[in-house]
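Chemist: Mapping the sequence shown onto our numbering, position 205 (from 1) lands on 205, and the numbers just tick up by one.
Ideal placement from N, C-alpha and C gives every residue a C-beta, glycine not left out.
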Amino acid sequence: MDVNKPSRPDVTGFLTLCPSTDLPLSFRPSSELSDSRSYLTRFSKSNPRLLRIDDVENAFAANPNDSDTAIAEVLRRVSEQVEKCFSERLVGHQTKLSDFRTPKLSHPFRINGIPCFLTVRCVAVAHHAQGDGSSVNDFDGSKPSTQPRILILQRSPDDSGGNMWDVPGGGVDDEGEDGKERALDETPFHGICREVRQETGQELECVNHVLTTRTWCRFKNGELRTHVAFCYVVVRPIDKWGEITLSDEHVDSKWISEDEMKHFEFHGTNEAIVLEAFDYMKKGWKTI
Numbered sequence: 001m002d003v004n005k006p007s008r009p010d011v012t013g014f015l016t017l018c019p020s021t022d023l024p025l026s027f028r029p030s031s032e033l034s035d036s037r038s039y040l041t042r043f044s045k046s047n048p049r050l051l052r053i054d055d056v057e058n059a060f061a062a063n064p065n066d067s068d069t070a071i072a073e074v075l076r077r078v079s080e081q082v083e084k085c086f087s088e089r090l091v092g093h094q095t096k097l098s099d100f101r102t103p104k105l106s107h108p109f110r111i112n113g114i115p116c117f118l119t120v121r122c123v124a125v126a127h128h129a130q131g132d133g134s135s136v137n138d139f140d141g142s143k144p145s146t147q148p149r150i151l152i153l154q155r156s157p158d159d160s161g162g163n164m165w166d167v168p169g170g171g172v173d174d175e176g177e178d179g180k181e182r183a184l185d186e187t188p189f190h191g192i193c194r195e196v197r198q199e200t201g202q203e204l205e206c207v208n209h210v211l212t213t214r215t216w217c218r219f220k221n222g223e224l225r226t227h228v229a230f231c232y233v234v235v236r237p238i239d240k241w242g243e244i245t246l247s248d249e250h251v252d253s254k255w256i257s258e259d260e261m262k263h264f265e266f267h268g269t270n271e272a273i274v275l276e277a278f279d280y281m282k283k284g285w286k287t288i
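#1: Less than 6 Å between C-beta atoms, sequence neighbours within five positions excluded: which residues of the same chain meet that for F27?
#2: Does F284 pass the burial test, meaning 16 or more other C-beta atoms within 10 Å, or should it be called exposed?
#3: Going by C-alpha to C-alpha distance, which of E258, A277, W241 sits closest to H209?
#4: My understanding is that R225 touches F117, with C-beta atoms under 8 Å, so please give their C-beta distance in whole angstroms.
#5: Go ahead and label T119 buried or exposed: buried means 16 or more other beta carbons lie within 10 angstroms of its beta carbon, across all protein chains shown.
#6: Identify, in the order they occur along the chain, each residue of the same chain with its Cβ nearer than 6 Å to the Cβ of S257, setting aside the five sequence neighbours on each side.
#7: Contact check, F293 vs H263 under 8 Å by CB: the rounded distance?
#8: How far does the alpha helix (DSSP H) with P188 in it extend, from its first residue to its last?
#9: Let's see if you can read the secondary structure: which residues bound the beta strand (DSSP E) around A124?
#10: Mind checking which residues open and close the alpha helix (DSSP H) that includes I320?
#11: Is it the case that the CB of I192 approaches a heavy atom of the ligand GTP more closely than 7 Å?
#12: Between the Cα of W241 and those of N65, S87, A61, E203, spot the shortest distance and give me the residue it belongs to.
#13: Decide yes or no for the touch test of the segment 162 to 171 against the segment 121 to 128: beta carbon pairs closer than 8 Å, at least 3 of them.
#14: Can you give the Cα-Cα distance for T212 and S87, rounded to whole angstroms?
#15: Once you ignore the five residues that flank T21 on each side, which residues in its own chain have a CB closer than 7 Å to its CB?
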């Protein structure tokens with residue numbers, strides 16, 4: 001053995017679930033630590049490896065006394081790999097989802113080799129200009145503003161991220177609650193139409209723009225859970241949006257300008273999605 005060569009960190013020993021009496025508090029086993037260990041030691045077709053073991057070892061070596069930070073770093077590095085895989089637009093809003101379904105695996109979809117859960121997000125935009133150059137008043141009847149407005153919904157206090165704000169959307173495929181049979185969405189567009197109808201009572205005919213695909217990862221039940229969100233913009237004059245009818249998932253709705261965003265706390269990636277949509281509106285928009 002070359003004594004001058006640094007030894008490789010013992011990741012296996014670090015992640016082994018052993019009695020915690022002689023471990024620092026931050027090292028004590030947790031469900032997430034257990035899940036990360038399972039991810040690093042058990043690989044299968046449904047649970048592939050997205051990082052080289054050297055990358056994982058480096059993440060833990062950089063945080064030798066803090067398992068939470070080390071796990072967060074592993075997730076960050078995994079997320080970077082996932083983002084690279086989805087940097088090319090592999091799934092359009094009219095793409096048939098049947099080509100990606102994996103009903104026999106714990107993850108319902110596989111895209112570019114990555115098992116994942118799919119969600120859709122709709123940024124509903126209201127503007128004041130009419131096709132003839134005239135303008136319509138704001139929602140409260142006041143004189144029209146030069147700024148477009150985006151619809152945000154306040155999450156139920158009993159839901160994750162309770163009382164925070166997001167845009168309409170949810171998981172692809174209807175879960176079929178209350179005894180109803182699970183309904184499969186044919187395309188992402190079918191999914192966003194269903195979610196918007198359920199959460200706001202609005203009907204969609206088209207989307208105007210496709211925003212950046214958002215991805216995030218977490219460990220759960222011994223697996224790496226990869227979530228992918230397809231995000232769309234739908235633009236209409238104010239008077240073409242009907243009255244918002246909320247589902248049980250939300251308790252309030254607001255049409256806000258970009259300047260008003262600072263008054264609201266957004267859930268997850270929703271703030272970034274809304275900001276990107278406002279930036280798109282500044283550059284001009286069209287129907288795709």
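Modeler: To lay it out plainly:
#1: Low per-residue confidence applies at F27: pLDDT is 32, beneath 50, and the placement is therefore not dependable enough to give any value.
#2: Before going on, a small fix: residue 284 reads as Gly here, not Phe. It is exposed - the Cβ of G284 has fewer than 16 other Cβ atoms within 10 Å.
#3: A277
#4: Yes, R225 and F117 are in contact; Cβ-Cβ is about 7 Å, under 8 Å.
#5: buried
#6: Q147, R149
#7: Residue 293 cannot be examined here, being either before or after the span of the chain that is shown, 1 to 288.
#8: 188 to 200
#9: 114 to 127
#10: Since the displayed the chain opens at 1 and closes at 288, residue 320 lies outside it and no answer follows.
#11: Among the ligands in the structure shown, none appear at all, so the ligand GTP cannot be discussed.
#12: E203
#13: yes
#14: Going by the C-alpha atoms only, they are around 9 Å apart.
#15: Residue placement at T21 cannot be trusted, given a pLDDT of 29 that sits under 50; what the coordinates show is reported in the next sentence. Excluding positions up to five away in sequence, the list is empty.
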